[in-house]
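For the sequence shown, position 259 matches number 262 in my numbering, and the numbering has no gaps at all.
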Amino acid sequence: MKEKELKQMTIPAQRLMARCAGEEKRVGTRTVFVGNHPVSETEAYPAQRFCDNRIVSSKYTLWNFLPKNLFEQFRRIANFYFLIIFLVQVTVDTPTSPVTSGLPLFFVITVTAIKQGYEDWLRHRADNEVNKSTVYIIENAKRVRKESEKIKVGDVVEVQADETFPCDLILLSSGTSDGTCYVTTASLDGESNCKTHYAVHDTIALCTAESIDTLRATIECEQPQPDLYKSLGPENLLLKGATLKNTKKIYGVAVYTGMETKMALNYQGKSQKRSAVEKSINAFLIVYLFILLTKAAVCTTLKYVWQSNPYNDEPWYNQKTQKERETLKVLKMFTDFLSFMVLFNFIIPVSMYVTVEMQKFLGSFFISWDKDFYDEEINEGALVNTSDLNEELGQVDYVFTDKTGTLTENSMEFIECSIDGCKYNGVTEEVDGLSQTDGPLTHFDKAVKDREELFLRALCLCHTVEMKTNDTVDGATESAEFTYVSSSPDEIALVKGAKKFGFTFLGTRNGHMRVENQRKEIEEYELLHTLHFDSVRRRMSVIVKTQIGEIYLFCKGADSAVFPRVPVDEIEPTKRHVEHSAMDGYRTLCVAFKKITPDDYEKINRQLVEVKLALQDREEKMEKVFDDIETNMNLIGATAVEDKLQDQAAETIDALHAAGLKVWVLTGDKMETAKSTCYACRLFQTGTELLELTTKSIEECERKEDRLHELLIEYRKKLLREFPKSTIRSHKKAWTDQEYGLIIDGSTLSLILNSSQDSSSNNYKSIFLQICMKCTAVLCCRMAPLQKAQIVRMVKNLKGSPITLSIGDGANDVSMILESHVGIGIKGKEGRQAARNSDYSVPKFKHLKKLLLAHGHLYYVRIAHLVQYFFYKNLCFILPQFLYQFFCGFSQQPLYDAAYLTMYNICFTSLPILAYSLLEQHINIDTLTSEPRLYMNISGNAMLQLGPFLYWTFLAAFEGTVFFFGTYFLFQTSSLEDNGKVYGNWTFGTIVFTVLVFTVTLKLALDTRFWTWINHFVIWGSLAFYVFFSFFWGGIIWPFLKQQRMYFVFAQMLSSVSTWLAIVFLIFISLFPEILLIVLKNVRRRSARRNLSCRRASDSLSARPSVRPLLLRTFSDESNML
4 MKEKELKQMT IPAQRLMARC AGEEKRVGTR TVFVGNHPVS ETEAYPAQRF CDNRIVSSKY
64 TLWNFLPKNL FEQFRRIANF YFLIIFLVQV TVDTPTSPVT SGLPLFFVIT VTAIKQGYED
124 WLRHRADNEV NKSTVYIIEN AKRVRKESEK IKVGDVVEVQ ADETFPCDLI LLSSGTSDGT
184 CYVTTASLDG ESNCKTHYAV HDTIALCTAE SIDTLRATIE CEQPQPDLYK SLGPENLLLK
244 GATLKNTKKI YGVAVYTGME TKMALNYQGK SQKRSAVEKS INAFLIVYLF ILLTKAAVCT
304 TLKYVWQSNP YNDEPWYNQK TQKERETLKV LKMFTDFLSF MVLFNFIIPV SMYVTVEMQK
364 FLGSFFISWD KDFYDEEINE GALVNTSDLN EELGQVDYVF TDKTGTLTEN SMEFIECSID
424 GCKYNGVTEE VDGLSQTDGP LTHFDKAVKD REELFLRALC LCHTVEMKTN DTVDGATESA
484 EFTYVSSSPD EIALVKGAKK FGFTFLGTRN GHMRVENQRK EIEEYELLHT LHFDSVRRRM
544 SVIVKTQIGE IYLFCKGADS AVFPRVPVDE IEPTKRHVEH SAMDGYRTLC VAFKKITPDD
604 YEKINRQLVE VKLALQDREE KMEKVFDDIE TNMNLIGATA VEDKLQDQAA ETIDALHAAG
664 LKVWVLTGDK METAKSTCYA CRLFQTGTEL LELTTKSIEE CERKEDRLHE LLIEYRKKLL
724 REFPKSTIRS HKKAWTDQEY GLIIDGSTLS LILNSSQDSS SNNYKSIFLQ ICMKCTAVLC
784 CRMAPLQKAQ IVRMVKNLKG SPITLSIGDG ANDVSMILES HVGIGIKGKE GRQAARNSDY
844 SVPKFKHLKK LLLAHGHLYY VRIAHLVQYF FYKNLCFILP QFLYQFFCGF SQQPLYDAAY
904 LTMYNICFTS LPILAYSLLE QHINIDTLTS EPRLYMNISG NAMLQLGPFL YWTFLAAFEG
964 TVFFFGTYFL FQTSSLEDNG KVYGNWTFGT IVFTVLVFTV TLKLALDTRF WTWINHFVIW
1024 GSLAFYVFFS FFWGGIIWPF LKQQRMYFVF AQMLSSVSTW LAIVFLIFIS LFPEILLIVL
1084 KNVRRRSARR NLSCRRASDS LSARPSVRPL LLRTFSDESN ML
């Protein structure tokens, strides 16, 4: 066989990714030898090194796990702080053993390392499953069995039906005569629809191992690029992870392997999102660190004031050594300061980080386990991709939602069409006489028969729909014989619509599209080129050749993308129908065509081949060629398909509004369609006054910027009169006032964000944001994906830093999902790109209601209480130690035994708060979902503001003071037993510690509203364990301890009746303010319930039929309920 040189038509880089800041553009090409055979023995080629086919998603290896994991953990401030404290205890003579801080730190580091090590082990196992899988390579005209990781660039791989591609392959030949194969990309983007790929034309005939081994060719292609979704069209590049369907086998040459495959390049980590609670924790840590430093400084200062008296400095029973006398005073003061730091260091709760991580990780399972999130249609429930943002679900201020597939079903039904200004109803079965009047519009005669057929042929040809016979793939079954499948529901709806009018698409065979016309004749059209749809052009085209040799271009797309490319006199009749259909809420597409002469086609074909072979700037070149081709067309008509509103979408938006959230709809659809959907889902009410900032509203003036500035000023004045004083968080919907909604389109948004510097209206952005803040709802239409992200970023940066949430279902929503604080993906019909890039994914938009109002509310309350409780119990723990220094000459004498210091946070008080933070329901879940306004009670990080923080701090200070001085006054009696035996300082500390453990644990019991057997077990079990441990620790002489200072202390202490009474009394005094507060709240709650009952009774007597809109009626009544 003669030598051939193949130049692979490479795939254009994804526009969205190419424009993202910070992405390095890869340049250069690679030359691949097919079968690793040199093309010519005389020519010398530079050797190129490529990576192997191993996939590595793991983070650690056996050798680097320990150093790498320790380095990452000690980058956390609290861990590093305790490491420093531990080193100080080891090197400096400190009052406490290094074990007291070393053991908790070791526990925290070990638990975190085990968790991260286990997660990485799972990644290693998944990698090995892929790397060790069996593949077949063609070597010396034979099928050779190998492991996947041993594939090299240039190897010819054989893939059988239903197998996944082990690397990125160029399709050389397939089991079909026309060199096509069908592929599903479910593992890449969730789409189970089949996509058609084509073999390189020169190698279609090489269908056996023997013939493929004779091929001597090179492939010149671009270096690896992460352009995953652009390469999912009917090209000849087969991506790793995709699955071969309905094709016996294929042969392909490996061009990208291992970590250079497009799938691997798309597994880049997302930017780390931090919740508001995490920021509050850091702020509280700084405050408590300041308290720690203050305590250490005060004690160090007072120590030297105390020692200014020579007798106190060097008493007769404790003489200084010669070395101590010669030590510099400044050095000794510094050492004492460090010693006090060590003594008080437990005020910083290192174990809180582990508890928070465990709470987030375990708590996330409640979302996955929630049966209300299960959708029978897709047989899936909710999925948590990151557990770090659970509490952020309870803090959302703004919701940004896509329209198609999110608010609507993305399940299209052909409704009607317009041909040359004549309207046709899609539900009528008869072909002739379909022309109808358009209600109040003037009656139009039926279109010419030839134009009708041309329009229906365009619907049957201008698409990427495939027809599958006797197969159960996604898509509605047309009959027992075949099924239409496509990655876009719109296209299936249009093909079905053409079928209703008598033109049936019969699939593609050997590169020819087959159509059955109204006369039951089979027409064949050779598919020459497909100009694929993209979000910038907003249209797609096909170039086909008829059986008699005529060449046509058929194009369909958005009206804004098609109207400028057709004669002006053809637009008006169709435009009226398009606008009317859009106002009815239908999705509209315009259809155009042009006839191409053979000479023009030769030029077009040459341009398309050249641009597809380009290895640099191909995307820009292809866009220009497509733009040149799709000109001078003739408009045939338009289509209207209905996208039904999702179940309970309106009720969900009602609930979000009632919860004080602002909902913005960001969509690429035209304004009329989007506006109609917004009314249907109750984003806009019948009484809502709409403010429009659209291309249409600013075209009245020659200078658009001047007109835009006038409108912005006018709208701002109107809204400031209505809402004179409001902020992001304080301005909640006043249902009795006039409601305002804003509509803006993409081009106007570009003017606002990119206004000229010399213009007097360079403050567009700030005025626009002021208007948005006053509106109850905002609709942004004709939005490009990056503009959606710009909107989210703009709101994120508002004063007050509101929390944003984005929800969408398609690849065009990924940018805003990644930009927002919380991203939620819908497991929709446009693939799983959004779900894969989101923090949480749910099957339907309606699930957002429970996710935020119930789960989000509870997660926030739980973790906020956990954080406050940790700081509270540690301040209770350390304050008596601080007060004790005033009574021991600031000698750094510890109040508690080392075992108690070590076990306090690890064992005695850790499990009750963990159980509380996982199970607490201070309000029933059904109440939270039925009373959305309760969500406002926790908005703005309410439970972690300065007020609650000071309350918990003063409560801890009060209780710590009671612990210490209550026990101190008890010890004013010289003997606590009848036999006159005197207690010592370790008994004093043990009494304080006992009161401390019981008080902080019972405080949590008082806070618990939702009791389960787990709560009972951990609360009473922790107290019982403390008592058991104290008896056990003091009941044995431990050989490894130098000093047996706790021997029999606890048992002897409890032998005194006075001690028993003192412990019970001090616990009651400490908890009395909390008990009093609970009683007052209960009295107030009962009073509120009585008033509510009386008001409901009076309302029922004087009830009258209301003419207010349903939404106003519902929420004004609900406000009374609260």
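No residue lacks a Cβ here, since even glycine has one placed at the ideal position from N, Cα and C.
For this session: Determine the burial state of C879: buried for a count of at least 16 other Cβ atoms within 10 Å of its Cβ, exposed for fewer.
Result: Within the sequence shown, numbered from 1, the residue matching residue 879 stands at position 876. Label assigned to C879: buried.
For this session: Give me the Cβ distance between L745 and V781, rounded to the nearest whole Å; I'm assuming they're in contact under 8 Å.
Result: Along the sequence shown, one-based indexing puts residue 745 at 742. Along the sequence shown, one-based indexing puts residue 781 at 778. Their Cβ separation, rounded to whole angstroms, is 5 Å, which keeps L745 and V781 in contact under 8 Å.
Exercise. If you draw a straight line from the alpha carbon of G950 to that of D812, how long is it in whole angstroms?
Worked result: If you number the sequence shown from 1, residue 950 lands on position 947. If you number the sequence shown from 1, residue 812 lands on position 809. Rounded to the nearest angstrom, the two C-alpha atoms are 40 Å apart.
Problem set entry | Helix, strand or coil at L1104 according to DSSP, with G and I counted as helix | For the purposes of this step, residue 1104 is identified with residue 1101 of the sequence shown, where counting begins at 1. Per-residue confidence for L1104 stands at a pLDDT of 47, beneath the threshold of 50, marking its modelled position as unreliable; the derived number appears in the next sentence. When secondary structure is reduced to three states using DSSP, L1104 falls in the helix class.
Exercise. How is G514 classed by DSSP in three states: helix, strand or coil?
Worked result: For the purposes of this step, residue 514 is taken as the residue at position 511 of the sequence shown. Secondary structure at G514: coil, using DSSP grouped into helix, strand and coil.
Problem set entry | Proximity to K523 [Cα-Cα], best of V93, L509, T533 and T577 | Looking up residue 523 in the sequence shown gives position 520. Nearest C-alpha to K523: L509.
For this session: Helix, strand or coil for F1032, going by three-state DSSP, please let me know.
Result: Here the question's residue 1032 lines up with position 1029 in the sequence shown. Reduced to three states, the DSSP call for F1032 is helix.
For this session: Count the other CB atoms, across all protein chains shown, that sit within 10 Å of the CB of T221; report buried if there are 16 or more and exposed otherwise.
Result: Position 218 of the sequence shown, counting from 1, holds the residue named residue 221. Under this definition T221 is a buried residue.
Exercise. Cβ atoms of T97 and Q948: under 9 Å apart, would you say?
Worked result: Here residue 948 corresponds to residue number 945 of the sequence shown, with the count starting at 1. Here residue 97 corresponds to residue number 94 of the sequence shown, with the count starting at 1. No, the pair does not count as a contact, with Cβ atoms beyond the cut-off.
For this session: Buried or exposed for T577, please, with buried defined as at least 16 other CB atoms from any protein chain shown within 10 angstroms of its CB.
Result: Counting from one through the sequence shown, the residue named residue 577 turns up at place 574. Classification for T577: buried.
Exercise. Quick one: what's D646 bridged to in DSSP?
Worked result: The residue you call residue 646 lines up with position 643 of the sequence shown. In DSSP, D646 forms a bridge with M415.
Exercise. Measuring CA to CA, which of K282, H40, F68 and F74 is closest to V870?
Worked result: As a working note, residue 870 is residue 867 in the sequence shown. The residue with the shortest Cα to Cα distance from V870 is K282.
Exercise. Nearest-angstrom Cα distance between C783 and E213?
Worked result: Translated into positions along the sequence shown, residue 783 becomes position 780. Translated into positions along the sequence shown, residue 213 becomes position 210. About 59 Å.
For this session: State whether the segment 813 to 824 contacts the segment 403 to 415, with contact taken as three or more CB pairs (one from each stretch) at a distance under 8 Å.
Result: yes
For this session: Could you tell me how far apart the beta carbons of E642 and V594 are, in whole angstroms, since I believe they sit closer than 8 Å?
Result: In the sequence shown, counting from the first residue as 1, residue 642 sits at position 639. In the sequence shown, counting from the first residue as 1, residue 594 sits at position 591. According to the sequence shown, residue 642 is Thr rather than Glu. Sure, about 7 Å apart at Cβ, within 8 Å.
Exercise. Is it right to say I294 is buried, meaning 16 or more other beta carbons lie within 10 angstroms of its own, or is it exposed?
Worked result: Looking up residue 294 in the sequence shown gives position 291. Under this definition I294 is a buried residue.
For this session: Have a look at Y863, Y185 and A208 and flag the residue whose alpha-carbon is nearest the alpha-carbon of T199.
Result: On the sequence shown, position 196 is the one that residue 199 refers to. Ranking Y863, Y185 and A208 by Cα distance to T199 puts Y185 first.
Problem set entry | Simplified DSSP state of L1005, which is helix, strand or coil | Walking along the sequence shown from the start, residue 1005 turns up at place 1002. Reduced to three states, the DSSP call for L1005 is helix.
Problem set entry | With 16 other Cβ atoms within 10 Å as the buried cut-off, status of N249 | Residue mapping note: residue 249 aligns to position 246 of the sequence shown, counting from 1. Label assigned to N249: buried.
Exercise. If we ignore side chains and look at the alpha-carbon of each, how far apart do L459 and A564 end up?
Worked result: Locating residue 459 in the sequence shown gives position 456, counting from the first residue. Locating residue 564 in the sequence shown gives position 561, counting from the first residue. Between L459 and A564, the C-alpha separation is close to 20 Å.
For this session: Could you pull out every residue in the same chain whose Cβ sits closer than 7 Å to the Cβ of L898, ignoring the five residues on either side in sequence?
Result: For the purposes of this step, residue 898 is identified with residue 895 of the sequence shown, where counting begins at 1. Within the same chain, L898 has close Cβ partners P883, Q884, Y887, G992 and V995.
For this session: Please confirm if the segment 908 to 926 is in contact with the segment 1004 to 1021, defined as three or more CB-CB distances below 8 Å between the two stretches.
Result: yes
Exercise. Which same chain residues, not among the five before or five after K852, have their C-beta less than 6 Å away from its C-beta?
Worked result: Position 849 of the sequence shown, counting from 1, holds the residue named residue 852. Excluding positions up to five away in sequence, the list reads T655 and A658.
Exercise. What residue from T103, S1059, A257 and L386 has the CA that sits closest to I827's CA?
Worked result: Reading the sequence shown from its first residue, position 824 is the one you call residue 827. Nearest of T103, S1059, A257 and L386 to I827, Cα basis: L386.
Exercise. What first and last residue would you give for the beta strand (DSSP E) that runs through C783?
Worked result: Locating residue 783 in the sequence shown gives position 780, counting from the first residue. That run of the beta strand (DSSP E) goes A780 to C784.
For this session: List in chain order: all unbroken alpha helix (DSSP H) runs of 4+ residues lying wholly within the segment 891 to 951.
Result: 901 to 906, 913 to 922 and 928 to 933
For this session: Note down the Cα distance separating F83 from F77, rounded to an integer number of angstroms.
Result: For the purposes of this step, residue 83 is identified with residue 80 of the sequence shown, where counting begins at 1. For the purposes of this step, residue 77 is identified with residue 74 of the sequence shown, where counting begins at 1. When rounded, the distance between both Cα atoms is 5 Å.
Problem set entry | Contact under 9 Å by Cβ, I632 with S544 | Sequence index remark: in the sequence shown, residue 632 carries index 629 (1-based). Sequence index remark: in the sequence shown, residue 544 carries index 541 (1-based). Going by C-beta atoms, I632 is nearer than 9 Å to S544.
Exercise. Would the beta-carbon of E623 be found less than 8 Å away from any heavy atom of the ligand MG?
Worked result: Of the ligands one can find in the structure shown there are none, so the ligand MG has no counterpart to examine.
Exercise. Can you give, in chain order, each stretch of the alpha helix (DSSP H) that sits fully within the segment 829 to 886 and has at least 4 residues?
Worked result: 836 to 840 and 850 to 853
Problem set entry | Limits of the unbroken alpha helix (DSSP H) element including T1209 | As shown, the chain starts at 4 and ends at 1125. That puts residue 1209 outside it, with no answer to give.
Exercise. To which residues of the same chain is E412 closer than 8 Å at the C-beta, ignoring the five residues directly before and after it?
Worked result: What you label residue 412 is simply residue 409 of the sequence shown in a count that begins at 1. Result list for E412: D646, K647, L648 and Q649, in chain order.
For this session: Taking only the alpha-carbon atoms, compute the straight-line gap between E695 and E582 and give it to the nearest angstrom.
Result: Indexing the sequence shown from 1 puts residue 695 at position 692. Indexing the sequence shown from 1 puts residue 582 at position 579. Answer to the nearest angstrom: the Cα atoms are 17 Å apart.
Exercise. Does the beta-carbon of L1083 have 16 or more other beta-carbons within 10 angstroms, so that it is buried, or is it exposed?
Worked result: As a first step, residue 1083 is located in the sequence shown; it is residue number 1080 there, counting from the start. When all chains shown are included, L1083 counts as exposed.
Exercise. Straight-line CA distance for T188 to N766?
Worked result: Translated into the one-based positions of the sequence shown, residue 188 becomes position 185. Translated into the one-based positions of the sequence shown, residue 766 becomes position 763. Their backbone Cα atoms lie some 46 Å apart in a straight line.
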